[in-house]
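Undergrad: Starting off with a structure, shown below.
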Amino acid sequence: MNQYQANLENEQATTALGSLIAQAVKKQLNHGVVAYLNGDLGAGKTTLTRGFVQGMGHDSHVKSPTYTLVEPYDLAPWQVYHFDLYRLADPEELEYMGIRDYFNENSCSFIEWPQRGEGMIPAPDFIINLSYSGEQREVELIAQSSLGEQLVEWLNAQ
């Protein structure tokens, strides 16, 4: 199966899923990943990323990169990058900020609004779709690479 699906009852469940993905990256994959995040405003993209960043070992505030395009977290040996490309006017702007330097085997990048960086960002290892379901959220994680497939298998086994 190339996807993982779950209902997320609340913000804590969304954060916990992000932390679970971090656990898989550190213990199972032992390799950086690229994730595309899709969902309406308030669907939980930043909340899930916050859980991931905290699960990787960050113990301070995790903020949305809405105005900065990227929030970096140096969590040796890992680098975690949370991108929000919503305000990006042109994908070429990413070239000026040295976008290629953000992606390597020890970096984990969570990218909101990835379509705005098309042609400048790497293909994802997995796509995370978050949507509303009443007061809850639904999440669908779809593998796009062999690393993504390993992650989905691991999540489905939990």
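Numbering (UniProt numbering), first residue to last: 1 to 158. C-beta: ideal position from N, C-alpha, C; glycine also.
What residue range is occupied by the uninterrupted alpha helix (DSSP H) comprising L147?
TA: Segment 146-157, the alpha helix (DSSP H) holding L147.
Undergrad: Quick one: measure Cβ to Cβ for residue 160 and T49, integer angstroms, because I've assumed they're closer than 8 Å.
TA: The structure shown does not extend to residue 160, since the chain spans only 1 to 158, so no value can be given for it.
Undergrad: Spatial neighbours of V25 within its chain, please: CB distance less than 7 Å, with the 5 preceding and 5 following residues excluded, ordered by chain position.
TA: Here the set comprises V33, C108.
Undergrad: Kindly provide the ranges of any beta strand (DSSP E) runs that are 3 or more residues long and lie completely inside the region 27-64, ordered along the chain.
TA: As far as the region 27-64 is concerned, its whole beta strand (DSSP E) runs of at least 3 residues are 34-38.
Undergrad: Name the two residues that bound the continuous beta strand (DSSP E) containing L75.
TA: Residues 70-75.
Undergrad: Residues in the same chain with beta-carbon distance under 8 Å from P77, minus the five sequence neighbours each way, listed in chain order, please.
TA: Only N106 meet the Cβ criterion.
Undergrad: For the region 49-62 and the region 77-94, state whether three or more C-beta atom pairs, one from each stretch, are separated by less than 8 Å.
TA: Yes: at least three Cβ pairs fall under 8 Å.
Undergrad: From the DSSP secondary-structure annotation, give me the bridge partner or partners of W78.
TA: Answer is L75.
Undergrad: With distance defined between alpha-carbon atoms, name the residue in I99, L37, E92, Y96 nearest to V139.
TA: Out of I99, L37, E92, Y96, L37 has the C-alpha closest to the C-alpha of V139.
Undergrad: Using DSSP with H/G/I as helix, E/B as strand and the rest coil, what is Y4?
TA: Note: Y4 maps to strand in three-state DSSP.
Undergrad: Are the CB atoms of Y96 and E112 within a distance shorter than 9 Å?
TA: Not a contact, by the Cβ cut-off of 9 Å.
Undergrad: Roughly how many angstroms lie between the CA atoms of L130 and E9, to the nearest whole one?
TA: Between L130 and E9, the C-alpha separation is close to 12 Å.
Undergrad: Report yes if the C-beta distance between Q3 and G55 is below 9 Å; otherwise report no.
TA: The answer is no: Cβ separation not under 9 Å.
Undergrad: Alpha helix (DSSP H) containing Q115: first to last residue?
TA: It is not in any alpha helix (DSSP H) - Q115 carries neither H nor E in the DSSP assignment.
Undergrad: According to the Cβ coordinates, are G44 and R137 closer than 9 Å?
TA: Closer than 9 Å, so yes.
Undergrad: To the nearest angstrom, how far is it from the Cα of L69 to the Cα of H58?
TA: Spanning the two alpha carbons is a distance of roughly 19 Å.
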